[in-house]
Each structure stands twice: as structure tokens, then as C-alpha cells.
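Residue numbers for the sequence shown follow this note's numbering, beginning at 2 and rising by one.
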Amino acid sequence: MYKLKEFLNVLEEFAPLSLSYKMIERGDYDNSGIIVENHDEVKSVLFSLDLTNKTVAKGLELGCDTVVTHHPAIYTPVKNLSYNGQTSALINAVKNNLNVISMHLNLDVSKDGIDQCLAEGLGGENIKIIDKLEEDTGYGRIFSREETPLENFVKNIKEKFNTDKIIYYGNAPVKKVASFCGAGGSHAVSVALKGDVDLDTFVTSDLAHHEILALVEREKNVVVVPHYLSEEYGFNKYYQRIYKKVNGKAYAYYFADKRFM
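This is the structure we're talking about:
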């Protein structure tokens with residue numbers, strides 16, 4: 002068993018909250034850390050990308066006392082609580098005495114975090130950080146890979162990440178890729194506009210039409226993957242590291258919501 006803040010220290014070994022604070026200092030917004038503190042004992046933990054009612058139900062089914070999410074369970078200020086709104090899962094967590102911890106931007110940018118895992122999952126070699134925060138941390142990755150037709154690259158993503166929800170544009174062979182976990186559209190466009198790196202393909206999520214337009218106009222391949230998919234792969238890797246770390250002192254489980262993959 003862990004005390005709550007003792008368990009948070011374990012989570013921070015792989016994704017220090019100080020990274021989130023540094024991202025905030027640079028102009029990003031985040032709300033990582035302990036979101037709901039119902040009690041001080043951590044015996045059984047469920048990892049899930051989001052706090053949803055399905056997550057809470059799975060946690061209760063498994064006898065968990067704590068939930069760890071990637072996306073903050075409270076992100077922007079909450080003005081009211083309602084079972085009919087977006088706060089229903091939060092209400093259920095509080096009502097059922099669950100602690101909730103969220104590890105967001107700090108996990109995105111950490112050394113072996115979600116952004117790094119995405120690049121590795123895409124078959125990246127010689128992976129480099131685009132927007133460095135510290136020596137081994139930052140957002141966005143550039144990598145090379147064995148040249149392949151775009152159609153084959155997309156097929157490999159579908160197989161590796163077990164999804165068919167991929168949209169792509171372009172027809173150039175894939176050799177040099179920039180990837181951004183989550184909603185990295187504006188970052189992708191800014192990298193393309195610099196034009197100082199010979200990139201042929203961009204992979205990210207939640208791209209707006211004008212961002213796709215800006216990339217395609219520069220004759221770049223654009224691969225749009227579901228936001229959930231782009232981060233679940235790395236979050237699962239994070240869970241596996243924590244599972245090995247706490248095994249014997251606490252139980253840890255993982256829940257993937259197939260609705261979004």
C-alpha cells in the first residue's frame with residue numbers, strides 16, 4: 002500500500018510534474034497532479050486515458066481506490082456539477098470514494114513519454130525532439146524510417162495501433178516524418194513553414210481544415226489519427242512501467258476505451 006502523495010512520487014519518477022509547470026511557463030495550459038483526494042491509501046489503481054463513467058465503472062468492478070488518467074479530470078474551471086453534463090464521471094468518482102490523479106503535459110513531453118512512444122510506434126529511427134524543453138524532453142518528434150509508399154505506411158499504422166480510423170492526404174514516399182501526439186496541428190504547420198528540415202510526412206490528430214490545407218499546399222503527406230489512439234499507445238507503455246514498479250505493494254490495471262480507437 003502507498004500513501005497518496007507517495008504514489009504520486011512513483012508516477013513522477015517517469016513524468017515529473019515540474020515538466021508540466023515548465024510548459025505552463027512557456028504559455029501552454031495544464032492541470033496535472035492530484036485532481037480528487039478522497040483518502041490517503043492507494044492499494045489498487047486503474048490507468049485509463051480519460052475519466053469517463055465507463056472508467057469509473059471498471060475501477061469499481063476491479064476494486065480500485067484510485068484512477069490515473071492522462072487527460073486531466075478537471076481541465077478548465079468547473080462552473081457547475083451535473084449528472085447530465087461532462088462532470089458526471091467526476092461526480093461518480095467522488096461519490097464512490099475514488100482518488101483521481103492526472104498526468105498530462107508532463108507525460109507528453111517526458112523522456113520516454115507519450116510523444117516519444119508514438120514516434121517509436123510509427124517505426125521511427127534516429128528520433129529527435131522538435132521543441133525541446135530540457136535535454137531529453139520536449140514536444141514533437143522528427144525521425145527517419147525505411148522508405149515506403151504512403152499507403153503502406155498507413156497500413157502499418159492500422160496494424161500496429163489496431164485501428165481503421167485513419168485519414169490521409171498525399172502520395173509521396175515516406176522517408177522523413179514529424180509526429181505530434183494529441184492535437185499538434187499548429188505545431189505541425191509551424192514546422193512545415195520553417196522549411197529548414199526535409200520532411201515529407203506529418204502525423205498528428207485533430208487537424209483543422211486550414212492546417213491540412215497549409216500542409217498539403219506544401220506537398221506534404223498528412224496522416225490524421227484519432228487523438229485517443231495517438232496517446233493511448235504511449236499511456237499503456239507508461240502503465241506497464243508503473244505496474245513493474247509497484248507490483249507487490251499495490252495492484253495496477255489498465256482500461257482502454259475501444260469507442261475511441
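Don't be surprised by glycine CBs; every beta carbon is placed ideally from N, CA and C.
No experiment lies behind these values; they were computed from the predicted model shown.
Could you pull the DSSP bridge partners for Gly60 from this structure? Answer is none; Gly60 lacks a bridge partner.
Going straight from the alpha carbon of Ile25 to that of Tyr84, what length do you get? 31 angstroms
Excluding the 5 residues flanking Ile213 on each side, which residues of the same chain have their C-beta closer than 7 angstroms to its C-beta? Tyr170, Val223
Tell me Glu147's beta-bridge partners as DSSP assigns them. BP columns for Glu147 are empty, so no partner.
Might you give, ordered along the chain, the residues of its own chain that have their beta carbon closer than 7 angstroms to the beta carbon of His228, omitting 5 neighbours on each side? Gly183, Ala184, Ser206, Asp207
Please report the Cβ distance between Gly176 and Glu148, rounded to the nearest whole angstrom; I am assuming they are in contact, meaning their Cβ atoms lie under 8 angstroms. It is Lys, not Gly, that sits at residue 176 in the sequence shown. Confirmed, Cβ separation roughly 5 angstroms.
Output yes or no for whether 8 angstroms exceeds the beta carbon distance between Gly141 and Ala179. Result yes, Cβ atoms of Gly141 and Ala179 sit closer than 8 angstroms.
Classify Tyr234 as helix, strand or coil using the three-state DSSP reduction. helix
Kindly indicate which three-state DSSP category Gly141 falls into: helix, strand or coil? If DSSP states are grouped into helix, strand and coil, Gly141 belongs with the strands.
With DSSP run on the structure shown, which of helix, strand or coil describes Leu18? The three-state reading of DSSP puts Leu18 in helix, counting H, G and I together.
Take the Cβ of Thr67 as the centre, count every other Cβ of all protein chains shown within 10 Å, and call the residue buried at 16 or more, exposed below. Thr67 should be labelled buried.
Is the number of C-beta pairs between the stretch 2–17 and the stretch 239–257 that are closer than 8 angstroms three or more? yes
Compare the Cα-Cα distances from Val46 to each of Ala94, Gly86, Val110, Asp199 and report the closest residue. Ala94
For Ser103, which residues of its own chain have a beta-carbon under 6 angstroms away from its beta-carbon, when the five flanking residues on both sides are left out? Non-local beta-carbon contacts of Ser103 in its own chain, meaning distances under 6 angstroms to residues more than five positions away in sequence, involve Ser33, Ile36, Thr70, Pro73, Ala74 in chain order.
So, are the CB atoms of Leu216 and Val190 less than 8 angstroms apart? yes
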